[in-house]
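Engineer: Start counting the sequence shown at 1; every next residue gets the next number (the UniProt record's numbering).
No residue lacks a Cβ here, since even glycine has one placed at the ideal position from N, Cα and C.
Sending over a structure as structure tokens; questions will come in a sec.
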Amino acid sequence: MTVDFVSGAPVETAPVILMILFWSTDIQAQSISPPAEYSVRLVNGTTSCSGTVEVFYRGEWLGKTLLVDGAGLCSGRLEVKSNQSWASVCEADFDQQDAEVVCGELGCGAPAALQGGLYGEGEGQTWDKEFQCKGNESLLLDCDTSDRKNNTCLPGNAVGLTCSEPDDVRLVGGGSRCAGGVERYDQGEWRTVGADDRDKEAVAAVVCRQLGCGSTVSVLPGNTTRGFRVDCSGSEPSLRVCWRTNYLLPVVTVICSDLLVQPDIFLTDSMGGVSRGHEGPEVFRGYNFTITCSTQPQYPGGSFLLTFTGSNRTQTQPAVNHSAAFLFPAADDSHQGNYSCVYDNYVFSHNFSSESELLSLTVTASPLPAFIIRHVVVLLILLTAITTIYLYYKVKTVTQTLQVI
1 MTVDFVSGAP VETAPVILMI LFWSTDIQAQ SISPPAEYSV RLVNGTTSCS
51 GTVEVFYRGE WLGKTLLVDG AGLCSGRLEV KSNQSWASVC EADFDQQDAE
101 VVCGELGCGA PAALQGGLYG EGEGQTWDKE FQCKGNESLL LDCDTSDRKN
151 NTCLPGNAVG LTCSEPDDVR LVGGGSRCAG GVERYDQGEW RTVGADDRDK
201 EAVAAVVCRQ LGCGSTVSVL PGNTTRGFRV DCSGSEPSLR VCWRTNYLLP
251 VVTVICSDLL VQPDIFLTDS MGGVSRGHEG PEVFRGYNFT ITCSTQPQYP
301 GGSFLLTFTG SNRTQTQPAV NHSAAFLFPA ADDSHQGNYS CVYDNYVFSH
351 NFSSESELLS LTVTASPLPA FIIRHVVVLL ILLTAITTIY LYYKVKTVTQ
401 TLQVI
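Encoded structure:
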């Protein structure tokens with residue numbers, strides 16, 4: 001059995017690998033430091049003693065495919081291991097299906113950007129084959145290949161790939177996707193995540209960042225639930241980059257700043273005084289209208305603040321059934337401008353708020369033709385109803401007369 005280290009020095013025998021694995025496992029169980037250079041692990045196996053060998057080098061676990069010079073493990077210039085050296089890949093030899101395989105192999109989400117030269121040029125050789133993945137392969141090197149159509153790869157064409165962060169972390173039990181106990185999807189199941197008291201803030205920062213939930217507001221005291229230990233510095237783009245062990249510690253419970261979902265704002269009326277203009281909703285002068293704020297039923301209570309950019313006026317109402325209606329009795333030019341709803345709630349001993357998108361409102365004169373048409377329609381409806389009633393009773397009277405005769 002052979003393991004090619006990044007330096008090119010091979011390890012020839014299985015016993016050596018097993019010895020290193022036992023040493024690495026001991027580090028996982030007892031050390032709070034990251035793994036030493038050239039630590040070894042087995043991944044994607046059915047047990048902890050089987051799978052593909054990876055080497056920890058310069059802060060990363062290296063397989064046969066890497067994204068380098070990016071912001072994290074899920075973005076960068078694509079490089080593929082060939083024998084004992086790394087090669088960049090030409091954009092002409094790589095497509096979207098190939099990108100899907102790479103992102104999956106690295107444990108990242110779906111491809112978000114694929115562009116030649118996006119992360120610079122490789123210093124070494126260029127891969128000499130064209131990849132022909134179907135999209136369902138587990139590894140890039142499992143894909144079919146063919147001879148390259150062009151023997152040279154022009155500068156600026158080394159494949160740069162950005163994958164979305166993996167959807168392998170969630171917060172549960174907090175009433176929001178941005179609050180709760182930390183869980184990570186690992187080996188086919190969701191497992192709780194634990195940490196030492198001194199490491200919880202760093203783990204929380206990584207979790208909030210990975211979920212797109214803003215920054216950490218608080219880390220709640222742990223309960224009796226325990227999860228596998230994770231050590232982070234706090235700057236990692238995702239939790240999977242952090243050092244993980246199977247040592248159990250109290251679960252990390254995180255509250256992130258973007259706890260509340262964005263509320264909705266919409267305009268209604270009961271008199272036909274609202275129409276849809278080229279630049280948004282329009283209200284006819286003199287008609288009443290209502291602006292309604294609503295949010296998803298995450299937490300009880302709270303209040304809505306309606307802000308208006310045309311002046312310093314604001315209105316506040318308590319949230320009833322997670323919504324509030326603001327009535328304006330007669331529209332005039334002072335009501336024209338941009339409105340937004342701000343939902344405030346006191347949850348987990350902290351104040352949280354979330355603002356809706358802007359509602360741009362225009363006040364305009366009621367168009368005379370539309371006014372006339374509405375009244376003509378009303379008169380026609382009344383006339384039709386009267387005619388129908390008249391004909392009904394006339395027919396009924398004639399029928400009764402014929403029966404008497």
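Straight-line CA distance for Q298 to C208?
Structural biologist: So the alpha carbons of these two residues sit roughly 18 Å apart.
Engineer: From the DSSP output, in three-state form, read off A179 for me.
Structural biologist: It is a strand residue.
Engineer: Which whole-angstrom value describes the C-beta separation of V230 and A195, a residue pair presumed to lie in contact below a C-beta threshold of 8 Å?
Structural biologist: Confirmed, Cβ separation roughly 6 Å.
Engineer: Could you give the DSSP three-state label for V252: helix, strand or coil?
Structural biologist: In the structure shown, V252 sits in coil (DSSP, three-state: anything other than H, G, I, E or B).
Engineer: Considering only residues of the same chain and omitting the five flanking positions on each side of Q125, which have a CB-CB separation below 6 Å?
Structural biologist: Only A87 meet the Cβ criterion.
Engineer: In this structure, what does DSSP give as the bridge partners for P281?
Structural biologist: The partner list for P281 (beta bridge, DSSP) reads R276.
Engineer: Helix, strand or coil for E105 per DSSP?
Structural biologist: Residue state, collapsed to three classes: helix.
Engineer: Hey, how far is the Cα of G212 from the Cα of R285?
Structural biologist: Roughly 43 Å between the two C-alpha positions.
Engineer: Can you pull the DSSP bridge partners for A324?
Structural biologist: DSSP lists C293 as partners of A324.
Engineer: For T295, count neighbouring Cβ atoms within 10 angstroms of its own Cβ and tell me buried if that reaches 16, exposed if not.
Structural biologist: By the neighbour-count rule (16 or more Cβ atoms within 10 Å), T295 is buried.
Engineer: Short of 7 Å in beta carbon distance, which residues of its chain neighbour Q132, apart from the five on each side in sequence? Order them along the chain.
Structural biologist: Closer than 7 Å at the Cβ level, and outside the excluded window around Q132, lie C143, D144, T145 and S146.
Engineer: Cα separation between F326 and T384?
Structural biologist: Taking the straight line from one Cα to the other gives about 38 Å.
Engineer: Which residues mark the beginning and the end of the alpha helix (DSSP H) in which R209 is found?
Structural biologist: Run containing R209: K200 to Q210, per the alpha helix (DSSP H) assignment.
Engineer: Is F352 near S218, with beta carbons less than 9 Å apart?
Structural biologist: Going by C-beta atoms, F352 is not nearer than 9 Å to S218.
Engineer: Taking C-alpha atoms, which residue in T307, A110, L114 and A92 lies nearest to Y339?
Structural biologist: With distances taken between Cα atoms, Y339 lies closest to T307.
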